[in-house]
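Reading through the structure tokens given below for one structure.
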Amino acid sequence: MGKIAVLHGINLQTLGRREPDIYGRVTLEAINSRLRRMGREAGVEVDCRQTNCEGEMAGWIAELDPDDFLIINPGAWTHTHYSIPDAIRAAGTPALEVHLSNIGARESFRARSVVAPACLGQICGLGAGSYYLAMNYALERMTGRAPGRTAEGVEEDE
Ligand code: DQA
Numbered sequence: 412m413g414k415i416a417v418l419h420g421i422n423l424q425t426l427g428r429r430e431p432d433i434y435g436r437v438t439l440e441a442i443n444s445r446l447r448r449m450g451r452e453a454g455v456e457v458d459c460r461q462t463n464c465e466g467e468m469a470g471w472i473a474e475l476d477p478d479d480f481l482i483i484n485p486g487a488w489t490h491t492h493y494s495i496p497d498a499i500r501a502a503g504t505p506a507l508e509v510h511l512s513n514i515g516a517r518e519s520f521r522a523r524s525v526v527a528p529a530c531l532g533q534i535c536g537l538g539a540g541s542y543y544l545a546m547n548y549a550l551e552r553m554t555g556r557a558p559g560r561t562a563e564g565v566e567e568d569e
């Protein structure tokens, strides 16, 4: 079984003190430790990392395999950095994009993600809960069958 990589991009190391009205007061370390615990309880390796360097992020994504799963919050790179979706496609790793804030309800430049087309989907606007929902999905997918989606695509209702 592969691992789940949780990759946080630019400026996310400041969570907890950064614009708490928008991003909440939870720190990145608190989010990571809960995600690691979720992985431990399910018997799946979870590797959490943060970087402010685009090249380092692309390098980490390139180390992933199609057997792994990627949960990524690219921060502001979401809206501008085509190297990130290119790296995800090259790795062939299934991915979910997450954001703490609702990027569709903020400045217009945030509404567009250049990363989302390379992902299975996007979860945003739920604070740290966006990460936990993504982790639930990733764990179900890796340990059994995630409801609502088969390997081939989205399931029909029964
Ligand atoms: C963010 C949203 C981005 O627009 C912003 O640049 C961030 C954080 C979020 O998690 O809400 O750095 O990715």
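Taking my numbering, the leading residue of the sequence shown gets 412, the next gets one more, and so forth.
Ideal placement from N, C-alpha and C gives every residue a C-beta, glycine not left out.
Bear in mind that the values here come from a model prediction, so they are computed numbers and not experimental data.
Cβ-heavy atom distance, residue i to the ligand SAH, below 7 angstroms
{"i": "THR489", "result": "This structure does not include the ligand SAH; its bound ligands are the ligand DQA."}
Member of the options whose CA lies at the smallest distance from the CA of residue i
{"i": "ILE442", "options": "ALA469, LEU537 and GLU467", "result": "LEU537"}
{"i": "GLU467", "options": "PRO485, ALA527 and ASN547", "result": "PRO485"}
{"i": "VAL417", "options": "ASN513, GLU440, PRO431 and PRO528", "result": "GLU440"}
{"i": "LEU511", "options": "MET412, ILE415, LYS414 and ARG436", "result": "ARG436"}
{"i": "ILE433", "options": "THR554, ILE514 and ALA453", "result": "ILE514"}
{"i": "SER519", "options": "ILE415, GLU508 and HIS490", "result": "HIS490"}
{"i": "PRO477", "options": "ALA522, MET412, GLU551 and ILE483", "result": "MET412"}
{"i": "ALA498", "options": "GLY555, VAL455, THR554 and VAL526", "result": "VAL526"}
Local Cβ density within 10 Å of residue i, reported as buried at 16 or more and exposed below that
{"i": "ALA487", "result": "exposed"}
{"i": "ALA516", "result": "exposed"}
Assumed close pair residue i, residue j - CB separation to whole angstroms, cut-off 8 angstroms
{"i": "ALA506", "j": "CYS530", "result": "4 angstroms"}
{"i": "SER494", "j": "GLU465", "result": "6 angstroms"}
{"i": "GLN533", "j": "GLU551", "result": "Actually they do not touch by this definition, with Cβ atoms about 18 angstroms apart."}
Answer yes if the stretch 416–429 comes into contact with the stretch 456–469, meaning at least three C-beta pairs across the two stretches below 8 angstroms, and no otherwise.
-> yes
Looking at C-beta atoms only, is the number of pairs between the stretch 489–506 and the stretch 469–481 that lie closer than 8 angstroms three or more?
-> yes
At 4 residues or longer, and completely inside the stretch 423–488: list those alpha helix (DSSP H) runs for me, N to C.
-> Whole alpha helix (DSSP H) segments, 4+ residues: 431–434, 439–453 and 465–473.
Is the number of C-beta pairs between the stretch 537–551 and the stretch 447–456 that are closer than 8 angstroms three or more?
-> yes
Write down every uninterrupted run of the beta strand (DSSP E) in the stretch 485–510 whose length is 3 residues or greater and which is fully enclosed by it, in chain order.
-> 506–510
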